[in-house]
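Novice:
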Amino acid sequence: MIRSVVRGVGAETPRRIMSNDDFAGLVDTSDEWITQRTGIRQRHIASDDETTASLGEAAARKALAASGLTPADIDLIVLATSTPNNTFPATAVEIQQRLGMQHGFAFDLQAVCSGFLYALTTADLYIRGGSAKRVLVIGAETFSRILDWTDRTTCVLFGDGAGALVLEAQEGEGGVSDRGILTASLRSDGAHKEKLYVDGGPSTSGTVGKLRMEGREVFKHAVGMITDVVEAALGDAGVTAEDIDWFVPHQANKRIIDASARKLGIAEEKVVITVDRHGNTSAASVPLALATAVADGRIKKGDLVLLEAMGGGFTWGAALVRW
Numbered sequence: 163m164i165r166s167v168v169r170g171v172g173a174e175t176p177r178r179i180m181s182n183d184d185f186a187g188l189v190d191t192s193d194e195w196i197t198q199r200t201g202i203r204q205r206h207i208a209s210d211d212e213t214t215a216s217l218g219e220a221a222a223r224k225a226l227a228a229s230g231l232t233p234a235d236i237d238l239i240v241l242a243t244s245t246p247n248n249t250f251p252a253t254a255v256e257i258q259q260r261l262g263m264q265h266g267f268a269f270d271l272q273a274v275c276s277g278f279l280y281a282l283t284t285a286d287l288y289i290r291g292g293s294a295k296r297v298l299v300i301g302a303e304t305f306s307r308i309l310d311w312t313d314r315t316t317c318v319l320f321g322d323g324a325g326a327l328v329l330e331a332q333e334g335e336g337g338v339s340d341r342g343i344l345t346a347s348l349r350s351d352g353a354h355k356e357k358l359y360v361d362g363g364p365s366t367s368g369t370v371g372k373l374r375m376e377g378r379e380v381f382k383h384a385v386g387m388i389t390d391v392v393e394a395a396l397g398d399a400g401v402t403a404e405d406i407d408w409f410v411p412h413q414a415n416k417r418i419i420d421a422s423a424r425k426l427g428i429a430e431e432k433v434v435i436t437v438d439r440h441g442n443t444s445a446a447s448v449p450l451a452l453a454t455a456v457a458d459g460r461i462k463k464g465d466l467v468l469l470e471a472m473g474g475g476f477t478w479g480a481a482l483v484r485w
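Numbering (the working numbering), first residue to last: 163 to 485.
(1) What does the Cβ neighbour count give for residue 333, buried or exposed, with the cut at 16 atoms within 10 Å?
(2) Quick check: what's the CA-CA separation for residue 417 versus residue 206?
(3) Under 8 Å: do the region 228 to 243 and the region 164 to 173 share three or more Cβ pairs, one atom per stretch?
(4) Determine the burial state of residue 296: buried for a count of at least 16 other Cβ atoms within 10 Å of its Cβ, exposed for fewer.
(5) Take every Cβ of the region 460 to 474, pair it with every Cβ of the region 353 to 367, and state whether three or more of those distances are shorter than 8 Å.
(6) Applying the criterion that 16 or more other CB atoms from any shown protein chain within 10 Å of the CB defines a buried residue, is residue 305 buried or exposed?
(7) Here's the rule: buried if 16 or more other CB atoms are within 10 angstroms of the residue's CB, otherwise exposed. What is residue 247?
(8) Could you spell out the range, first to last residue, of the alpha helix (DSSP H) harbouring residue 299?
(9) For the 8 Å Cβ check, are there 3 or more pairs between the region 333 to 345 and the region 407 to 424?
(10) Roughly how many angstroms separate the alpha carbons of residue 456 and residue 424, rounded to a whole number?
(11) What are the uninterrupted segments assigned as beta strand (DSSP E) that are 3 or more residues long and contained completely in the region 384 to 463, given in chain order?
(12) Looking only at C-alpha atoms, which of 298, 369 and 252 sits nearest to residue 329?
(13) For residue 165, write down the residues that DSSP places opposite it in a beta bridge.
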């Protein structure tokens, strides 16, 4: 059978780093308060000349270089983002143009923090269906543009950045030892919309709006929802948590990550954590963490990697990948 195998990954973060102490002059908070509740110590904030498209392009070029490929080898670009450069056209099309591609097709996908998992699964379906041989999957965000910088409960949580990977069609035997995406499980429930949303949009207010969140409600649902899709993905592959080499969760809050890993029975030393240096970068979160763990040598060829994320909507999902 055809498997979607990861050829390479790449990441890009804005030049400016904003530490927890930098917020002291903006809102009533402290490094101790932020670190204890979230695990975040710093985040990257985009300058005026850094956008979702420019960050996504840079991450894509690094992923292509790591793959030994060029834009000419790519058939499709799927960009996961909630902060596009324009209402339309899709920012993926702008990245396509920046890469010098005049072939193939490109589109955006919006599932907030779960966006990269949704994009990865979508790309896998195109590959397994024969519509594409190689796909650039990108998660890129500039959440700093939609934050209320007077709201201490949200502005300290998010950062900007981009991550990308190249998927390639390769033949597998159909078993769990195959390289590539083995299983995925996606969910959503619109009943939770008001718990995490942006209070604007073209069809309602005609404005971009600002991010609003009921933090306690999100936390209350997160661990159970994450466990649900992870267990489904593991069950479909016929493996257990003990078989996992690396757990790469959405980097939103270290307490959620720790609680999820404990409930799933995944050892602490197998969990990849980058929330301390990136904050919550929404759809860029998982690929940024992946790129970090690949670059430092933790994730290696043949490793079984579990990905998960949860975001506004609510949306949530998990995927199992043999590296």
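Built from N, CA and C at the ideal position, the CB exists for glycine as well.
Specialist: In terms of the structure at hand:
(1) Walking along the sequence shown from the start, residue 333 turns up at place 171. Exposed, because fewer than 16 other Cβ atoms sit within 10 Å of the Cβ of residue 333.
(2) Reading the sequence shown from its first residue, position 255 is the one you call residue 417. Reading the sequence shown from its first residue, position 44 is the one you call residue 206. Computed Cα separation, rounded: 21 Å.
(3) yes
(4) Indexing the sequence shown from 1 puts residue 296 at position 134. Buried, because 16 or more other Cβ atoms sit within 10 Å of the Cβ of residue 296.
(5) yes
(6) Numbered from its first residue, the sequence shown carries residue 305 at position 143. Per the 10 Å Cβ criterion, buried.
(7) To locate residue 247, count along the sequence shown from 1; it is residue 85. Label assigned to residue 247: buried.
(8) Along the sequence shown, one-based indexing puts residue 299 at 137. Premise fails: residue 299 lies in the beta strand (DSSP E), 296 to 304, not in any alpha helix (DSSP H).
(9) no
(10) If you number the sequence shown from 1, residue 456 lands on position 294. If you number the sequence shown from 1, residue 424 lands on position 262. Whole-angstrom Cα-Cα distance: 24 Å.
(11) 408 to 411
(12) Translated into positions along the sequence shown, residue 329 becomes position 167. For residue 329, the nearest C-alpha among the options comes from 298.
(13) Walking along the sequence shown from the start, residue 165 turns up at place 3. Residue 165 is bridged to 332.
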